[in-house]
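This report refers to the structure that appears directly beneath it.
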Amino acid sequence: MVSLQECLDLSGVDEEAVEVIAAQEGIPEIVAAEIAHNLGHSSRGRRALHHMIAESRRRAADSGNLEKSLLLGRALARINAHAGSG
208 MVSLQECLDL
218 SGVDEEAVEV
228 IAAQEGIPEI
238 VAAEIAHNLG
248 HSSRGRRALH
258 HMIAESRRRA
268 ADSGNLEKSL
278 LLGRALARIN
288 AHAGSG
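Each residue of the sequence shown is one higher than the one before, counting from 208 in my numbering.
This is the structure in structure tokens:
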């Protein structure tokens, strides 16, 4: 059996991004990791992932959850850095 951490490692995204997908789509994190992996293989998919995370970050900040907003901001920075390198 493959663990969630193994899926995260394969997907190339971090746990915050997977949590965003899982919450928005109402699916288990392990399934969200697979979706994240697929999104990461195209510029259109990376833009969609970026948009999902940015929206979640905005909602977290609006609700006063600054810690979550910061975590999601870091996830965005990692996605941007990855997009620039590949």
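Think of the CB as a built atom: it goes at the ideal place given N, C-alpha and C, for glycine as much as any other residue.
All of these numbers come straight from a predicted model, not from anything done at the bench.
{"query": "Taking only runs that begin and end inside the region 241-287, name each unbroken alpha helix (DSSP H) of 4 or more residues, in chain order.", "result": "250-269"}
{"query": "Under DSSP, the alpha helix (DSSP H) around Val-225 begins and ends at which residues?", "result": "222-232"}
{"query": "With a 10 Å radius around its C-beta and 16 neighbouring C-beta atoms as the bar for buried, classify Ile-234 as buried or exposed.", "result": "exposed"}
{"query": "May I ask you to report which of helix, strand or coil DSSP gives Val-238?", "result": "helix"}
{"query": "Any idea if Arg-265 is buried or exposed, counting beta-carbon neighbours within 10 angstroms, 16 or more meaning buried?", "result": "exposed"}
{"query": "Within a Cβ cutoff of 6 Å, which residues of the same chain sit near Leu-218, ignoring the five residues on either side of it in sequence?", "result": "The sequence shown places Ser at residue 218, not Leu. Correct list, in chain order: Ala-240, Ala-243 and His-244."}
{"query": "Mind checking which residues open and close the alpha helix (DSSP H) that includes Ser-218?", "result": "211-218"}
{"query": "Would you check if the region 275-282 and the region 214-229 touch, i.e. whether three or more CB-CB distances between them fall below 8 Å?", "result": "yes"}
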